[in-house]
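Participant:
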Amino acid sequence: MNFSTSSRAKKSQAALFAVLVAGSLLAATPVSNAAAAVKIGSACSTADAIAVSTTAKTVTCKNKKWTAYKQESFVYSGTSVPYGPKEEFATYAVPKQMGYFDAENLTVTSQASAGANVAIAAVASGAVDIAGADLGPVMQAIEKGTNIIVIGGLVQNWPWAMAVKKGSPITKPADLKGKKIGIVSFTSGSYPYTKAWLKDNNMTETDVTLVATGTPAAAENAIKNGDVDALAWYTAVYANIEFAGTALTYLPNGPAFKGVRSLSWVANADKYAANPEVFERFLRGAIKGLIYSNTNIKSAVALGMKEYPQLLLGSTLEAKSPAAVASLTAWLASAKPLTGTPSTWKNLGSITKAEWTINQNYATLAGNKKIAIDFDAFLDTDTIERANSFDRAPIVAAAKKAK
Numbered sequence: 001m002n003f004s005t006s007s008r009a010k011k012s013q014a015a016l017f018a019v020l021v022a023g024s025l026l027a028a029t030p031v032s033n034a035a036a037a038v039k040i041g042s043a044c045s046t047a048d049a050i051a052v053s054t055t056a057k058t059v060t061c062k063n064k065k066w067t068a069y070k071q072e073s074f075v076y077s078g079t080s081v082p083y084g085p086k087e088e089f090a091t092y093a094v095p096k097q098m099g100y101f102d103a104e105n106l107t108v109t110s111q112a113s114a115g116a117n118v119a120i121a122a123v124a125s126g127a128v129d130i131a132g133a134d135l136g137p138v139m140q141a142i143e144k145g146t147n148i149i150v151i152g153g154l155v156q157n158w159p160w161a162m163a164v165k166k167g168s169p170i171t172k173p174a175d176l177k178g179k180k181i182g183i184v185s186f187t188s189g190s191y192p193y194t195k196a197w198l199k200d201n202n203m204t205e206t207d208v209t210l211v212a213t214g215t216p217a218a219a220e221n222a223i224k225n226g227d228v229d230a231l232a233w234y235t236a237v238y239a240n241i242e243f244a245g246t247a248l249t250y251l252p253n254g255p256a257f258k259g260v261r262s263l264s265w266v267a268n269a270d271k272y273a274a275n276p277e278v279f280e281r282f283l284r285g286a287i288k289g290l291i292y293s294n295t296n297i298k299s300a301v302a303l304g305m306k307e308y309p310q311l312l313l314g315s316t317l318e319a320k321s322p323a324a325v326a327s328l329t330a331w332l333a334s335a336k337p338l339t340g341t342p343s344t345w346k347n348l349g350s351i352t353k354a355e356w357t358i359n360q361n362y363a364t365l366a367g368n369k370k371i372a373i374d375f376d377a378f379l380d381t382d383t384i385e386r387a388n389s390f391d392r393a394p395i396v397a398a399a400k401k402a403k
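Numbers 1 to 403, taken from UniProt numbering, label the letters of the sequence shown in order.
#1: Going residue by residue through the segment 196 to 233, where are the continuous alpha helix (DSSP H) segments of at least 4 residues, counting only ones entirely within it?
#2: L338 by DSSP, collapsed to three states: which one?
#3: What first and last residue would you give for the beta strand (DSSP E) that runs through Q140?
#4: Can you give me the start and stop residues for the alpha helix (DSSP H) that N356 sits inside?
#5: Just verifying my parser: in three-state terms, what is the DSSP assignment at G167?
#6: Would you identify the three-state DSSP class for E72, choosing helix, strand or coil?
#7: Quick one, which of S321, A247 and G132 has its alpha-carbon nearest N221's?
#8: Would you report the Cα separation of C61 and G115, rounded to the nearest angstrom?
#9: Excluding the 5 residues preceding and the 5 following A141 in the sequence, name in chain order all residues of the same chain whose CB lies nearer than 6 Å to its CB.
#10: When the distance is taken between beta carbons, is F74 closer than 8 Å to V301?
#11: Suppose the cutoff is 6 Å on Cβ atoms and the five residues either side in sequence are ignored; what does the same chain contact list for T339 look like?
#12: Decide if T109 is buried, meaning its Cβ has at least 16 other Cβ atoms within 10 Å, or exposed.
#13: If distances are taken between C-alpha atoms only, which option among Y292, V325 and P309 comes closest to P394?
#14: Can you give me the Cβ contacts of A399 inside the same chain, cut-off strictly under 6 Å, excluding the 5 residues immediately before and after it?
#15: Determine the extent of the beta strand (DSSP E) in which Q111 is found, giving its start and end residues.
#16: Using DSSP with H/G/I as helix, E/B as strand and the rest coil, what is S77?
#17: In the DSSP assignment, find the unbroken beta strand (DSSP E) run with G153 in it and report its ends.
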């Protein structure tokens, strides 16, 4: 089915048209990143401009007055169970602990989802407002008529890789024929990645045995004990496995994976059409969390463990921090620009039309049919642009000051 011609698509496109037009107007509004703090209720002249109030709240110019956003609740979903030192630390725990969501008058809660497909379904049903999910499965879901829209990118440097234990007789892709590959689950981005990787190497799923390992700990044990011959996981988990003492060798991803994005911000289309502003506010807090985390990874880990103390497993932060820092460092490398510094990253999360096409090609490789999703109908670039409208300097300074 070509979703862009379905009745559901036409309804969604109509609902989103006003949002896109309004967003374009808002994005055109100049915003000063380093302007002086303003007083809530004082006069302003540029409609929809953004500023910071003397009470440290993000405010916007409405009816010619600086106005604080109304208090709202928002639900975020991470695509892993259990949580760990990766996106749920950088884009949820850190901004929550540092007050970045509070500055937007947002009460944000998190809900874990066991993989991209589960998260996508939760967003589509309205159970959660936003999730970071692999763009390939997202495009496949849109093709099927799922009620979602992409509003920005998160992981921009492809993190998925095929790994074997160091010293394994498996040295090239063809050696995996007849072998066992440990994936995250059949509802995660690991599964389509594995299918795409096999297809790119002239194999299919029937040439191997796929084993759902479920958790990072189980994946580590499986490769260490020889229960699987290879793993199809992501770099943050591999960093933790290698830190724990199991050396790995990585089989190459082919040219088909160059430029492919992983986690992207996916929103419920109806909720987004009704209130794009609340998504902008969440994303601004999340991006601040990324800036902070990239500036001081050790502090970001401490904040993450404070938000999720169960991850300490009865141990101490001092004992758990080194491995967690290794894991978060690897994840952040997949989610940051390859050049510049946190203070100079001005448009985090933007997705170009060329990148959209690359991901459609990957989604096709990972599935069984051609994916052709209209860029303008199912990706809104305006909200992520406005979400980036804040001064990086205070965030970087706070991170550098933290222990």
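Using N, Cα and C, we set each Cβ at its ideal position, and we do this for glycine too.
Facilitator: Let's see:
#1: Runs of the alpha helix (DSSP H) inside the segment 196 to 233: 216 to 225.
#2: Coil.
#3: Here Q140 belongs to no beta strand (DSSP E); instead the alpha helix (DSSP H) covers L135 to E143.
#4: Sequence check: residue 356 is Trp here, not Asn. For W356, the uninterrupted alpha helix (DSSP H) run begins and ends at K353 to A366, by DSSP.
#5: DSSP places G167 in coil when its eight states are reduced to three.
#6: Of the three classes helix, strand and coil, the one that applies to E72 here is strand, per DSSP.
#7: Scanning S321, A247 and G132 for the CA closest to the CA of N221 turns up A247.
#8: If you take the alpha carbons of C61 and G115, they lie about 39 Å apart.
#9: For A141, where only same-chain residues beyond five positions count, the Cβ hits under 6 Å are I120.
#10: No Cβ-Cβ contact shorter than 8 Å links V301 with F74.
#11: Cβ within range, chain order: n/a, list empty.
#12: Classification for T109: exposed.
#13: With distances taken between Cα atoms, P394 lies closest to Y292.
#14: Result list for A399: Y292, T295 and N296, in chain order.
#15: It spans L106 to A112 - the beta strand (DSSP E) in which Q111 sits, taken as one unbroken run.
#16: In the structure shown, S77 sits in a strand (DSSP, three-state: E or B).
#17: Per DSSP, G153 belongs to the beta strand (DSSP E) from I148 to G153.
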